[in-house]
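Chemist: Shown below is the structure under consideration.
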Amino acid sequence: MSSEYVIEVEGLKKHFPLRDGLFGQQTGELRAVDGVSFKIRPGTIFGLVGESGSGKTTVGRTLLGLYEKTAGSVRYRGRELSALSPREMRALRPKIQLVFQDPYSSLNPRIRIGDAIGEAMLEHGLCSKAELYDRTIAVMRICGLAPQHYNRFPHEFSGGQRQRIGIARALILNPDFIIADEPISALDVSIQAQIINLFSDLRDDLGVTFLFISHDLGVVEHLCDDVAVMYLGQLVETASRDALFARPLHPYTQALLAAVPTLDPLREPAVAMQGEIPDPSNPPPGCRFSSRCPQASERCRREVPVLREVAAGHHVACHAV
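Using the numbering used here, the first residue of the sequence shown is number -5, and each one after it goes up by one.
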């Protein structure tokens, strides 16, 4: 089944039960993701941004099936993932991969990195043992790793090199879609630029589509094609990269941009955020940003705003827009 989008997410919810007491009685629920919808075009990098605790990582893990969704729809190339059989999901698994924030934690310290990169090829029956070495070396080269690195162990590599190993492990399966969850946040700034350029090259040269999860709007502006801004489990604004950074409409997006250094004299000044992010297990009524928003009205505190299109491809959930 063909589709003009690689990923289509509609009304996605992931709620975690909150339990207390000796017998673990449920006392409430944490609405980590609460009605999120977006679409990702082929060959693009889609940025999902927000503060820590906004639900970004939960979105990524739910898309992968690491968390079972509470409600909503996730379609890959037009196919509803929850409707697939275990056999169909296994056949699809190589096409959807994850790059971790900390690749070292996912590497066996006793396995040489060449074997760690190539093992998934054999597991999925995608090549013979005779072909494996050459294929692994080819992917290592793409990711900036030299052939002499093949027989080294994880502890012999720097943080940036380990992230390249993590990317190579995802790329070895020839994926169509990669979820990159805060992949550069633990790296030095100089190394971050190299990994950003690698993601850009994989998009431009190989046509790989990415969901890039980050809290750093500066990185997202440099790398991504489209952007969604998430706050307390919900999307508050989605737009193309150029539209969002040239004219942010939601007060939360404006506040995030206030923290990003810029030399652009044309960018509108943004208003700084007030207070702390509310308890996600007990969000405020109405707009969830209302308790921190300088533009909040009584309507904002009472009614939940709908994410609506206010310009071509630009959606915002705000009563004041």
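For every residue, glycine included, the Cβ atom is placed at its ideal position computed from N, Cα and C.
1) Give me, in chain order, the residues of the same chain whose beta-carbon lies closer than 8 Å to that of F171; leave out the 5 immediate sequence neighbours on both sides.
2) Exposed or buried, which one is V53 when buried takes at least 16 other CB atoms within 10 Å?
3) Out of curiosity, what's the CA-to-CA distance linking G108 and L181?
4) Per DSSP, what kind of secondary structure is I271 in: helix, strand or coil?
5) For A110, count neighbouring C-beta atoms within 10 Å of its own C-beta (all shown protein chains included) and say buried if the count is 16 or more, exposed if not.
6) Rounded to a whole number of angstroms, what is the C-alpha to C-alpha distance between G5 and E23?
7) Could you tell me the boundaries of the beta strand (DSSP E) in which S208 lies?
8) Tell me which residues share the same chain as M(-5) and place their Cβ nearer than 7 Å to its Cβ, disregarding the 5 neighbours each side in the sequence.
9) Are the CB atoms of E231 and H309 nearer to each other than 8 Å?
10) Quick check on DSSP: helix, strand or coil for R316?
11) Straight-line CA distance for P97 to E150?
12) When DSSP labels each residue in this structure, what does H308 get in the three-state scheme?
13) Is the distance from the Cβ of L243 to the Cβ of V304 below 8 Å?
14) Alpha carbon to alpha carbon, how far is R163 from S284?
15) Would you identify the three-state DSSP class for H9, choosing helix, strand or coil?
16) Distance check for L116 and A124, CA to CA, integer angstroms please.
17) Could you say which of R156, F10, G212, L60 lies nearest to R106 if we only look at CA atoms?
Modeler: In brief:
1) V0, I1, I34, Y70, K89, I90, Q91, V202, T203, F204, L205
2) buried
3) 22 Å
4) coil
5) buried
6) 18 Å
7) 203 to 208
8) Note on M(-5): pLDDT 48, under 50, position unreliable in the model; no value is reported.
9) yes
10) The displayed coordinates of the chain run from -5 to 315. Any statement about residue 316 would go beyond what the structure contains.
11) 14 Å
12) strand
13) yes
14) 42 Å
15) strand
16) 11 Å
17) R156
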